[in-house]
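**Student:** Numbering (the numbering used here), first residue to last: -5 to 154.
Structure below; questions to follow.
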Ligand SMILES: [Zn+2]
């Protein structure tokens, strides 16, 4: 019997963001500078939805890996300026960020990039079946979902 796999979607951890907000800096030399969202497409990495107009958000530099790794890439992400409800795993992709266009980066269990399975989605396709297929590969443990043109990190997915 086929059952839909549970996908564990990982937003940036609230504890890591609490530390950034408390310090007032992102750890990459940038001071936090909150501003009102335009609501025209700022994806929030704390709760994995788009900001509404007027919500207080801020832009920080962030690296998905929190351990030393040559695969670390630091890039810009929007977060709520203050702590929010965060993301509650549902087993599915976050509703507002579940379709292309996206870049899907594949990593092995040791967090090295698996170039063979990196996938570019150029249209508005549903990402769920593509990510399920990638995670079914023996040598893919994690998929990083990124925007297409700017290639900013959105969220990580593992098989739950
Ligand atoms: Zn948030």
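From the three backbone atoms N, C-alpha and C, an ideal C-beta is built for every residue, glycine too.
Are there 16 or more other CB atoms within 10 angstroms of the CB of residue 22, so buried, or fewer, so exposed?
**Tutor:** Residue 22 comes out exposed.
**Student:** State the DSSP-derived secondary structure class of residue 120, mapped to helix, strand or coil.
**Tutor:** Reduced to three states, the DSSP call for residue 120 is strand.
**Student:** Do the region 9 to 24 and the region 96 to 111 touch if we need at least three Cβ pairs shorter than 8 Å?
**Tutor:** No, they do not touch.
**Student:** Using 6 Å as the cut-off, classify the Cβ of residue 148 as near or not near the heavy atoms of ligand 1, replying yes or no.
**Tutor:** Residue 148: no, Cβ never under 6 Å from ligand 1.
**Student:** Quick one: any contact between the region 137 to 152 and the region 86 to 101, if contact means 3 or more CB pairs under 8 Å?
**Tutor:** The region 137 to 152, when compared against the region 86 to 101, does touch it at the 8 Å Cβ threshold.
**Student:** What does a CB cutoff of less than 7 Å around residue 25 pick up in its chain, not counting 5 residues either side in sequence?
**Tutor:** Contacts found: 18, 19.
**Student:** Going by the C-beta, is residue 74 closer than 6 Å to any heavy atom of ligand 1?
**Tutor:** Checking every heavy atom of ligand 1 against the Cβ of residue 74, one is found closer than 6 Å.
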